[in-house]
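In the order they appear, the protein sequences are chains A and B.
So the first sequence is numbered by the numbering used here: it starts at 1 and just counts up by one.
So the second sequence is numbered by the numbering used here: it starts at 268 and just counts up by one.
A short write-up of the structure that comes next.
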Amino acid sequence: MKGVRHYPGFLPMAVGCLVILYAPLVVVMIYSFNGSTSITTWGGFSWRWYADVFTGPEAPRFKAAAWNSLSIALIAATTATAIAVAAAVAMIRGGRFRGKSATFALINLPLMVPEIVVAVACLIFFSTIGLTTGYLTILLAHITFCIPFAYLPIAARLQGIEDTYEQAARDLYATRGQAFRLILLPLMMPGILSGFLLAFIISLDDFIITNFVKGAGMETLPTAIFGSVKQGIKPNIMAISTMMLAVSVFFVTLSYLVNRIGQRTRS
Amino acid sequence: MAGMTPAPKENGTGYSSLVAPLLLPTWAMIGIFLVLPVLLMAVYSFLTKEFRGGVIWDFTLAAYDQFFLNRGLFGDEPPTLEWTYITIFWRSIWQAAVATLICLIVGFPTAWFIATRPPKARAVWLFLVTIPYWVNLLIRTVSLKFLIRENGPLNESLMSIGLITDPLPLVNTNLAVQLGLFYSYLPFMVLPIYAAVERYNFALSEAAADLYASRWVTLREIVLPVVKPGIVAGCILVFVPSLGAFLAPDLLGGAKTFMIGSLIDEQFRGSQGNWPFGAAAAMILMTLVLIVLMIYARAQAKGEAR
């Protein structure tokens, strides 16, 4: 008798789940080190496709796309995080106010509306107000859909911080600005960092909305990869994919660790 | 951080007097770049199409007419129901439903297994399940295509161990699209079910076992009703994005697996497009999603009232 928690077959299912999730990624990772020009045959271990990404014929295109992706993700995540911090303070420290539940719904709206609908709506909007699609329109769209991703961890963190610390600071004649800057902000920092990192990855990840509002001649890494893949999966794409995968895993791990340290400091 | 400077007259830590300035950026960004565009899209769905893409500001029902009604080649026959687009929507709903079902079949045992591990192992398992979600969806879909393509690693290894003699034609089939959707959104199924199982009181199962219920009867009669909110949440989180998905059907499917996402996308590409029709299709998709979310919200409210 193994207890009521045990169900035969659930362990293989869980292991199978991980295999399904990771097998495609691992296979692409392995094949990105394939020395052969053909993607079907194995030609020994080699870094040639990584070299090709940086110096090959498509290198300028990928470099420009990578620069666009990273700078947009950085600006969008920073802006969205700042907006989300203000929103979280108002929602959690602002007491009851009219329109609170409507604001909550508004913050979560980008998560509810299907991405393709957001993409279409943004394209129509920018074209109506006469804003030429390009870097700026991508940035504006990214800031908007990054807000809920930045908000959720920040709000969760703030909810767990009692306001006694700030009250003590105010009793000792700290201004509200000082109490915020010296007390609340440092306490919120793990949430802010993890919100920023999630927003950063979400921005870096986006394909559909970017593809609609990017305009001609403008590429981010996902749209550049999509363009290449349409003509078949080439080994240099696998090298880029592996590098982007490494970046994502790095940031998620970082966010996870920040959160754990945050939990420890709270308790 | 404008608006954070202290107002000298006030005291207390509450930010109640600063609520409006603190929320202004959120209202402005989401209001201007999401709510307003969606409203404008609703207006566009009633406009006349322009042939090089874009619209003419003449109000008409032409887009919805084209979607639902067939008036013959020259538009002079009595209207009958047009099946082309309804079929595409129906197929999308079907594909999303199958993907959701596969996610549930794989996700429930996984979530249960993770939730019954000791805390340390649980954290590791959860971390492993969430990582793929943060990997670029495009890269994941391309990777899956690479794995299952005709002479790809999956077919080659199956052939080399003698399980099959000819490569399975997976790419460009319904199954490939379902697999792609399943692969894209599996973590969305596991996480809410995990959260529900973690809160489940195992004394209930023990009581059932004491009364001679078998494991599977207990699962069906006791566990499933209790963790149902988590299962429903997981199904919604998989079904909704699957319905409007673009990458999985576009990269893994073919002409026969055309889904809503590609239909909408096509209306905004180059001179072949039809913006009002695309806007109308997007409106119909959004309406479908809202219906699903409203049913969910109502079911949840009912569950809480009990």
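Yeah, the Cβ is synthetic: ideal placement off N, Cα and C, and Gly gets one too.
The structure displayed is predicted, hence computed values, not measured ones.
Sub-8 Å separation of residue i and residue j beta-carbons
i: Met561 (chain B); j: Ala121 (chain A); result: no
i: Ala515 (chain B); j: Gly447 (chain B); result: yes
i: Pro496 (chain B); j: Gly374 (chain B); result: no
i: Ala90 (chain A); j: Leu285 (chain B); result: yes
i: Thr383 (chain B); j: Arg5 (chain A); result: yes
i: Ser32 (chain A); j: Pro222 (chain A); result: no
i: Ile460 (chain B); j: Val507 (chain B); result: no
i: Ala546 (chain B); j: Ile124 (chain A); result: yes
i: Thr175 (chain A); j: Ile72 (chain A); result: no
Residues of its chain near residue i, where Cβ-Cβ distance is below 6 Å and the 5 sequence neighbours each way are ignored
i: Tyr400 (chain B); result: Pro454
i: Ile183 (chain A); result: Tyr165, Glu166, Ala169
i: Ala274 (chain B); result: Per-residue confidence for Ala274 (chain B) stands at a pLDDT of 43, beneath the threshold of 50, marking its modelled position as unreliable; the derived number appears in the next sentence. None.
i: Asn108 (chain A); result: Pro148
i: Ile326 (chain B); result: For the sequence presented, residue 326 (chain B) should be read as Phe rather than Ile. Same-chain partners within the cutoff: Phe313.
Straight-line Cα distance separating residue j from residue i
i: Val402 (chain B); j: Gly215 (chain A); result: 25 Å
i: Ala566 (chain B); j: Ile202 (chain A); result: 30 Å
i: Ala475 (chain B); j: Phe469 (chain B); result: 10 Å
i: Arg61 (chain A); j: Asp205 (chain A); result: 18 Å
i: Arg264 (chain A); j: Ala150 (chain A); result: 21 Å
i: Met296 (chain B); j: Thr103 (chain A); result: 12 Å
i: Ala527 (chain B); j: Leu510 (chain B); result: Going by the sequence as given, residue 527 (chain B) is Ile instead of Ala. Near 7 Å, if we compare the C-alpha coordinates of Leu510 (chain B) and Ile527 (chain B).
i: Leu425 (chain B); j: Val444 (chain B); result: 21 Å
i: Val505 (chain B); j: Gly177 (chain A); result: 43 Å
i: Pro12 (chain A); j: Thr485 (chain B); result: 21 Å
i: Asn439 (chain B); j: Gly501 (chain B); result: 27 Å
i: Gly9 (chain A); j: Leu111 (chain A); result: 34 Å
i: Tyr352 (chain B); j: Pro190 (chain A); result: 48 Å
i: Gly270 (chain B); j: Leu289 (chain B); result: Below a pLDDT of 50, predicted positions are generally treated as unreliable, and Gly270 (chain B), at 46, falls in that range; the measurement from the model is reported next regardless. Their backbone Cα atoms lie some 7 Å apart in a straight line.
i: Met1 (chain A); j: Leu414 (chain B); result: Residue confidence for Met1 (chain A) is low, a pLDDT of 45 falling below 50, so the modelled location carries little weight; the figure read from the coordinates is stated next. Their backbone Cα atoms lie some 41 Å apart in a straight line.
i: Ile261 (chain A); j: Arg389 (chain B); result: 18 Å
i: Thr253 (chain A); j: Cys17 (chain A); result: 20 Å
i: Ala23 (chain A); j: Phe449 (chain B); result: 14 Å
i: Met243 (chain A); j: Ala179 (chain A); result: 42 Å
i: Ala512 (chain B); j: Leu518 (chain B); result: 11 Å
i: Thr272 (chain B); j: Ile92 (chain A); result: The predicted position of Thr272 (chain B) is uncertain, since its pLDDT is 49 and thus under 50; no value can be drawn from it.
i: Asp343 (chain B); j: Glu115 (chain A); result: 37 Å
i: Trp350 (chain B); j: Leu152 (chain A); result: 42 Å
i: Leu21 (chain A); j: Ile489 (chain B); result: 30 Å
i: Thr347 (chain B); j: Leu555 (chain B); result: 23 Å
i: Met577 (chain B); j: Ala463 (chain B); result: Residue 577 (chain B) is absent from the model: chain B starts at 268 and stops at 573.
Partners in chain A for residue i, counting only beta-carbon separations shorter than 7 Å
i: Met308 (chain B); result: Val120, Ala121, Ile124
Interface partners of residue i on chain A, CB under 8 Å
i: Ser410 (chain B); result: Pro24, Leu25, Val27, Val28, Ser241
i: Thr485 (chain B); result: Val4
Residue i: first and last residue of the uninterrupted alpha helix (DSSP H) it sits in
i: Gly217 (chain A); result: Where Gly217 (chain A) is concerned, there is no enclosing alpha helix (DSSP H), given that its DSSP letter is neither H nor E.
i: His142 (chain A); result: 135-159
i: Trp401 (chain B); result: 386-401
i: Gln445 (chain B); result: 441-466
i: Glu533 (chain B); result: 527-533
i: Trp67 (chain A); result: 59-93
i: Ile129 (chain A); result: Where Ile129 (chain A) is concerned, there is no enclosing alpha helix (DSSP H), given that its DSSP letter is neither H nor E.
i: Lys412 (chain B); result: 404-415
i: Glu473 (chain B); result: 470-477
i: Tyr165 (chain A); result: 164-171
i: Asn422 (chain B); result: 420-427
i: Gly521 (chain B); result: From DSSP, Gly521 (chain B) is part of no alpha helix (DSSP H); its letter is neither H nor E.
i: Asp332 (chain B); result: 329-335
Cross-chain neighbours of residue i in chain B, by beta carbon under 7 Å
i: Phe226 (chain A); result: Leu405
i: Ile147 (chain A); result: Thr293, Met296, Ile297
i: Met188 (chain A); result: Residues of chain B passing the Cβ test: none, with the nearest at roughly 13 Å.
i: Asp205 (chain A); result: Asn403, Leu404
i: Leu74 (chain A); result: By Cβ distance, chain B contributes nothing, its closest Cβ being about 17 Å from Leu74 (chain A), past 7 Å.
i: Ser115 (chain A); result: Rather than Ser, the amino acid found at residue 115 (chain A) in this sequence is Glu. Those within 7 Å of Glu115 (chain A) in chain B are Gly511.
Chain B contact residues for residue i, given Cβ-Cβ distances below 8 Å
i: Pro110 (chain A); result: Ile297, Leu301
i: Arg264 (chain A); result: Correct list: empty, because the minimum Cβ distance to chain B is about 13 Å.
Same chain, Cβ closer than 7 Å to residue i, neighbours up to 5 away in sequence not counted
i: Gly324 (chain B); result: Checking the sequence shown, residue 324 (chain B) turns out to be Trp, not Gly. Correct list, in chain order: Leu314.
i: Ser248 (chain A); result: Ile201
i: Trp542 (chain B); result: Tyr311, Lys316, Gly320, Gly321, Val322, Gln534, Phe535
i: Thr40 (chain A); result: none
i: Cys146 (chain A); result: Ala76, Ala77, Ala80, Ala199, Ile202, Ser203
i: Tyr50 (chain A); result: Ala239
Under 9 Å from the C-beta of residue i: neighbouring residues of chain B
i: Ser248 (chain A); result: Ile398, Trp401, Val402, Asn403, Ile406
i: Pro222 (chain A); result: Asn403, Leu404, Leu405, Ile406
Contact test: residue i Cβ vs the ligand GDP heavy atom, cutoff 7 Å
i: Ala121 (chain A); result: Annotation note on the ligand GDP: not contained in the displayed structure, which lists no ligands.
Residues near residue i by beta carbon distance below 8 Å, same chain, minus five either side
i: Asn278 (chain B); result: Interpretation of Asn278 (chain B) is limited by its pLDDT of 42, a score under 50 that renders its predicted location unreliable; the figure taken from the coordinates is listed afterwards. Counting only Cβ-Cβ distances below 8 Å, and skipping sequence neighbours, we find nothing.
i: Val258 (chain A); result: Pro190, Leu193, Ser194, Leu197
i: Pro385 (chain B); result: none
i: Ile503 (chain B); result: Val559, Leu560, Tyr563
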